Amino acid sequence: MRTARRDMLRTALILAQLGALSTASLANEARPASNSAVVDVAVGDPVMEAAKRKARSTLPEYFAIAANPKPTMQGFAVKVGMKAHAQMEFIWVAAVEKKDGKFHGRLANQPKGIPSLNRGDAVTFAEADIVDWMYIEGDRMRGHYTTCALARTPRMVEAFRANYGLDCGAPAGL
1 MRTARRDMLR
11 TALILAQLGA
21 LSTASLANEA
31 RPASNSAVVD
41 VAVGDPVMEA
51 AKRKARSTLP
61 EYFAIAANPK
71 PTMQGFAVKV
81 GMKAHAQMEF
91 IWVAAVEKKD
101 GKFHGRLANQ
111 PKGIPSLNRG
121 DAVTFAEADI
131 VDWMYIEGDR
141 MRGHYTTCAL
151 ARTPRMVEAF
161 RANYGLDCGA
171 PAGL
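Below is the structure:
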């Protein structure tokens, strides 16, 4: 029981940390996030769009693994695009279940641009709203294509690997 609780807490901590890398697409140019935990990315950014396509193309495999995980797997979540006024904010959602053709889950990080939503709130969304997925296997993270799209320098790639066990390969866009 202690191990399961520790694993859940570790997963929550990692999602909270990586929630700081949630992305908000803007209708115009990318802007610095200042002290925000949200990384703003320009609408149509080619590296981010490629990451979303890769994640969406592998959703069937993700759902198959999530439906029958190995004992070493935990922390299953999907990143969902939600409208925030004229913008989209992309938020990690955990405890995802599919019922009646819709997906239901709980927000795994605090939205920045949607004041009516809070971490832990129940949300409903369509599969088309999913832009990424993740889970932890042992000490490695799987998925996180959009997070890796933010790794635009070798230093960032190394930091993701060292801090989160996330192997992004070469810096995005290089």
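The sequence shown lines up with residues 1 to 174 when you count with our numbering.
For every residue, glycine included, the Cβ atom is placed at its ideal position computed from N, Cα and C.
Note that the structure is a prediction, hence the values are computed from the model and not measured.
Sequence-distant Cβ neighbours of arginine 142 in its own chain, meaning closer than 6 Å and more than five residues away, are Tyr135. Isoleucine 65: member of the alpha helix (DSSP H) spanning 59-67, first to last residue. Cβ atoms of tryptophan 133 and alanine 50 stay farther apart than 8 Å, at about 16 Å. Around the Cβ of asparagine 109, a 10 Å sphere holds 16 or more other Cβ atoms; the residue is buried. Rounded to whole angstroms, the separation of the alpha carbons of arginine 155 and alanine 95 is 32 Å. Exclusion of the five residues before and after proline 69 leaves Phe76 and Tyr135 as the residues of its chain whose Cβ lies within less than 8 Å of its Cβ. Under a 10 Å Cβ-count criterion, aspartate 129 is classified as buried, with 16 or more other Cβ atoms of the shown protein chains found around its own Cβ. The Cβ neighbour count for alanine 151, taken over all protein chains shown within 10 Å, is at least 16; the residue is labelled buried.
Under the Cβ criterion (8 Å, minimum of three pairs), the stretch 102-118 does not count as touching the stretch 58-72. For tyrosine 145, the closest alpha carbon among the candidates Lys79, Pro71 and Val41 is that of Lys79.
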